[in-house]
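The next block holds one structure in the form of structure tokens; read it before the comments.
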Amino acid sequence: VITKYVYGLLEVDLGLQKLKVPKDGDEMESTFVFASPNIFMNTERLLILIHGSGVVRAGQWARSLIINDSIQTGTQIPNIRKAQELGYEILVLNTNDNIRFICKQPVEIKESASPEEHANYVWNNYVKQINPKHIAIIAHSYGGCVTLDLAVKHFSDFEDKVFAIALTDSVHNVRYQKVPSKVMKYLKKVAINWAAHNSPLDTPLKMPIKEDIPRVSAGHTKHEMTTWSSFESINKFIQERYDSLTDMENDGKIVQTDGHKSQCKHDSIQDSAAPWCVLNYITGSYNPGN
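Residue 122 in full-length UniProt numbering is what sits at position 122 of the sequence shown, and the numbering runs on without skipping anything.
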């Protein structure tokens, strides 16, 4: 009931449409993602949303919050509305929809038998077709594992297009997932993980291992609440990353690479703009009360 209700909100209230996974799959043996209706028309900015593991489906962050708290805290609807206001096209993954029952027997959905397979198919068959200029990603819990898996498999796309990654209490493990050092170097510059913690929102936290993605407090101790509790900080982080990126592009800075001129894009912003709250902490301008 909850899943169908949220699906309805995505389509009716937010105007999103379903895109089938796989594209040529039978209706009874396929799943879908949700996307903006104009997503294939010269998309400048794309926001990709990736939920965690378990019973949640597209549009949900935490079913327990939907039931016991509100649609606002438990779904992706606030994130989608904000992104739409800012002119982003939207792509909502459905990574846990992996099985259909045919004649009462479970059958794995082709190209969506696991969260990683689902996301990889969507990237290869939709994101590449959309070909957005800039991409931001928000991912919760196991969605962080899926995001790192995508970054490894599609590193050139990430390096060229993905300018901001906001993780909330991600359960990724860079060693277990065998993330290459070049990918981690990139991720440490474009990503922040808002972790469940009792410190004030955005307080930098100690990283379990030094090569991990920077961690800050989500300002809440409950895992399920981390995306909602860090909502404003995530918006600020993505907007500041985008502003810095466009400032670089507007300056028209050119670099020489292997004898060819190329636009100085994500490399420059990555080198010059560390995650804003971590940078402020390091330079002494961080104020937990802000």
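No residue lacks a Cβ here, since even glycine has one placed at the ideal position from N, Cα and C.
- Taking all protein chains shown into account, G87 has fewer than 16 neighbouring C-beta atoms within 10 Å of its C-beta and is therefore exposed.
- Counting only runs of 3 or more residues that sit fully inside the segment 36 to 62, the beta strand (DSSP E) segments are 45 to 50, in chain order.
- A distance below 6 Å between beta-carbons, with the five flanking residues on each side excluded, links L14 to the following residues of its chain, in chain order: I80.
- In the structure shown, the three-state DSSP call for Q239 is helix.
- Annotation: the continuous alpha helix (DSSP H) that includes A119 extends over 115 to 122.
- Per DSSP, the unbroken alpha helix (DSSP H) holding I80 starts and ends at 77 to 85.
- By a beta-carbon distance limit of 8 Å, V190 contacts V162. Their separation comes to about 7 Å.
- Here E211 has V174, M184 as same chain residues with Cβ atoms under 7 Å from its own Cβ, once five neighbours each way along the sequence are excluded.
- Taking 3 residues as the minimum length, the beta strand (DSSP E) runs contained wholly in the segment 153 to 203 are 162 to 168, 191 to 195, in order along the chain.
- For S156, the number of other beta carbons within 10 angstroms of its own is below 16, and it is reported as exposed.
- Within the DSSP secondary-structure output, I90 pairs in a beta bridge with L47.
- With a 10 Å radius around the Cβ and a threshold of 16 neighbouring Cβ atoms, N94 comes out buried.
- Comparing alpha-carbon positions, the option among C145, L150, H154, Q72 lying closest to D169 turns out to be C145.
- Here F237 is buried. Its C-beta has 16 or more other C-beta atoms within 10 Å.
- The segment 115 to 135 makes no contact with the segment 60 to 79: fewer than 3 CB pairs, one atom from each, lie closer than 8 Å.
- Under the three-state reduction of DSSP, K4 is assigned to helix.
- Residue burial is scored here from C-beta neighbours: P132 has at least 16 other C-beta atoms within 10 angstroms and is therefore classed as buried.
- Here F231 is buried. Its C-beta has 16 or more other C-beta atoms within 10 Å.
- Here DSSP, grouped into helix, strand and coil, assigns E224 to helix.
- The three-state secondary structure of L16, taken from DSSP, is coil.
- Across the set D149, Y142, A139, L187, the C-alpha of L187 shows the shortest separation from the C-alpha of D160.
- CA-to-CA, the gap between V1 and G8 works out to about 11 Å.
- In this structure the segment 198 to 208 does not touch the segment 120 to 137; the number of beta carbon pairs closer than 8 Å is below three.
- According to DSSP, residue pairing for A218 in a beta bridge does not occur.
- Per DSSP, I137 lies in no alpha helix (DSSP H) segment; the continuous beta strand (DSSP E) that holds it begins and ends at 134 to 140.
- By the 16-neighbour rule on beta-carbons within 10 angstroms, S36 is buried.
- Closest in C-alpha terms to D26, from the list T3, V107, S217, comes V107.
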